[in-house]
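Single-structure report; data block below.
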Amino acid sequence: MAYAVPGTPQVAPGATTQGASTKSKFYRPELDAVRFVLFLGVFINHGMNHTQSALFAKIPWLELCVRSFHDLCGFSLSFFFFLSAYLITCLLQIEKHRTGTVHLAKFYSRRLLRLWPLYIGFILLIALLGLGNRDLAMSRGAVVAMLLFVGNWYAIFHLGFPSPVVNHLWSISVEEQFYLLFPSLTRRFSNARMQQLCGLVCAVSLATTWLLVHKGAGLNRVWLDSLVQSIFFAGGALYGFHDSLREHAKSAKGALLGIAAGVALWAVAQAGNVTSLTRPMHPFTATMAYALAALGCACILRGVLKVPLSWVPRWLVYLGRVAYGLYVFHALVIYGVQKYLAPHIRVPGLGLLLELLLTIAIAVLSYEFYEKPFLRIKHKFELVHSRTA
């Protein structure tokens, strides 16, 4: 997933050049860097549950701040959806302008090679581990649902997955559902029609949120719903349709203002309790929360695109490149540390730090020795150059 590097030639709308030697370039390292920051948000949201009470229970106001921050970090996943849709839209727009169409076979080959090897390999690994560990055991139905990328719906109708180390992978199913539909629609319809469709999806998403909460649905029933989450995909796509051929002037002030505005909107949205398991939701406030969260994603993305490249260290870019592995493995690491090491850890917060470091180590090994061969093959199907493996 990538972007246009400032200074690289941009493709004019309507251009239809062909051939590997004329591939466009589309990569911005700041978006790799932000992936790692987003992962940290997800990690805090998933991992801090185990430690926050022990650390902050004696200081009520501080505990309230930490819990609010914990819940706010839940929107990091929403931004992942928003960013994915934005990137895919930009890549498809450049491809469509350059070649006159969207090449579906090449698109799905790229997605398969990027997502499936690690995802399917991890699910099969957990299924095998579950044969000897009841905590990790998954039913045959759960495995099939996840392999068919309907894991979120399985979790909704079965009240969650039996294995705690795969619960978070429902989001991969939602992403794949987006990938299944969006490229074909982009190929068939004009930009104007696609933007209208995205606007309609946003409206349907918010209506679905209101209806589910009105009928008494709990947080997970709402959060896991593909239609509810579709506001972030549609919002990211809308941003991409307006942005795919545009270069962004770098501005420290613009970056800080955009990111600050987005986080502020997330803070207001968090009051709608859509990321908190401990407080009830109200139909109106929950619906507004999702709308504000999507608007916050747009503000943060605008800010990130203005970040000066001098602010983006190479190590952060690299950690962003391995963010997919970080996301896949982190729940397994949290489970392992909490079950086998936490009873022996006496220093508050050390367990959380250990979980993070182990997750990074495993993700790096996975990226370098398992994912990279597939990524090298993936580049052969690119019509728009993204980052190198």
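Residues 54 to 442, numbered by my numbering, are exactly what the sequence shown covers, in order.
No residue lacks a Cβ here, since even glycine has one placed at the ideal position from N, Cα and C.
Our contact map puts residue i next to residue j with C-beta atoms below 8 Å; I'd like the distance itself, whole angstroms only.
| i | j | result |
| --- | --- | --- |
| L369 | F89 | 6 Å |
| A195 | P215 | 6 Å |
| H99 | A384 | 7 Å |
| V381 | I147 | Incorrect: roughly 28 Å between the Cβ atoms, too far for contact. |
| F133 | L91 | 6 Å |
| G94 | S121 | With a Cβ gap of about 13 Å, G94 and S121 do not count as contacting. |
| F434 | S162 | 4 Å |
| T262 | A347 | T262 to A347, Cβ: 11 Å. No contact. |
For residue i, does the three-state DSSP call read helix, strand or coil?
| i | result |
| --- | --- |
| H335 | coil |
| H438 | strand |
| K431 | helix |
| K78 | strand |
| R355 | helix |
| K111 | coil |
| K159 | helix |
| C118 | helix |
| I398 | coil |
| A208 | helix |
| C350 | helix |
| T262 | helix |
| G252 | helix |
| L277 | coil |
| G183 | coil |
| E300 | coil |
Ordered along the chain, which non-local residues of its own chain (more than five positions away) have a Cβ less than 7 Å from that of residue i?
| i | result |
| --- | --- |
| L387 | Leu is not the amino acid found at residue 387; the sequence shown has Ile there. Contacts found: H99, G100 and E408. |
| L145 | V155, P236 and T239 |
| K431 | R163, L166 and R167 |
| R332 | N326 |
| R274 | I209 and L265 |
Excluding sequence positions up to five away, which residues of its chain have a Cβ less than 8 Å from the Cβ of residue i?
| i | result |
| --- | --- |
| A180 | M191 and V196 |
| L272 | N326, V327, T328, S329, L330 and M334 |
| D188 | S216, P217, Y388 and K392 |
| K303 | P59, K359, V360, P361 and L362 |
| L394 | G404 and L407 |
| M341 | A322 and G325 |
| A320 | S121 and L125 |
How many Å lie between residue i and residue j at the Cα?
| i | j | result |
| --- | --- | --- |
| E424 | S439 | 16 Å |
| L115 | D124 | 14 Å |
| F286 | H397 | 43 Å |
| R193 | L200 | 11 Å |
| L234 | L405 | 38 Å |
| G185 | S226 | 26 Å |
| P82 | F160 | 22 Å |
| Y343 | I284 | 8 Å |
| I112 | H211 | 38 Å |
| A256 | S224 | 21 Å |
| L358 | V390 | 36 Å |
| Q230 | A414 | 30 Å |
| L117 | G252 | 36 Å |
| F242 | L250 | 10 Å |
| P336 | W276 | 14 Å |
| A245 | H150 | 14 Å |
| Y172 | C143 | 24 Å |
| L280 | A416 | 30 Å |
| N220 | C126 | 17 Å |
| A208 | K306 | 43 Å |
| E228 | V203 | 10 Å |
| L291 | F175 | 33 Å |
| Q248 | K268 | 30 Å |
| G349 | G213 | 28 Å |
| D296 | A351 | 12 Å |
If you drop the 5 nearest sequence neighbours on each side, which residues of the same chain put their C-beta closer than 6 Å to that of residue i?
| i | result |
| --- | --- |
| I353 | I312 and G315 |
| G356 | A308, G311 and I312 |
| R476 | The structure shown has nothing for residue 476, since the chain only spans 54 to 442. |
| S419 | G378 |
| V87 | V357 |
With three or more beta-carbon pairs closer than 8 Å as the criterion, would you say the region 133–141 touches the region 222–242?
Three or more Cβ pairs drawn from the region 133–141 and the region 222–242 lie within less than 8 Å of each other, which places the two stretches in contact.
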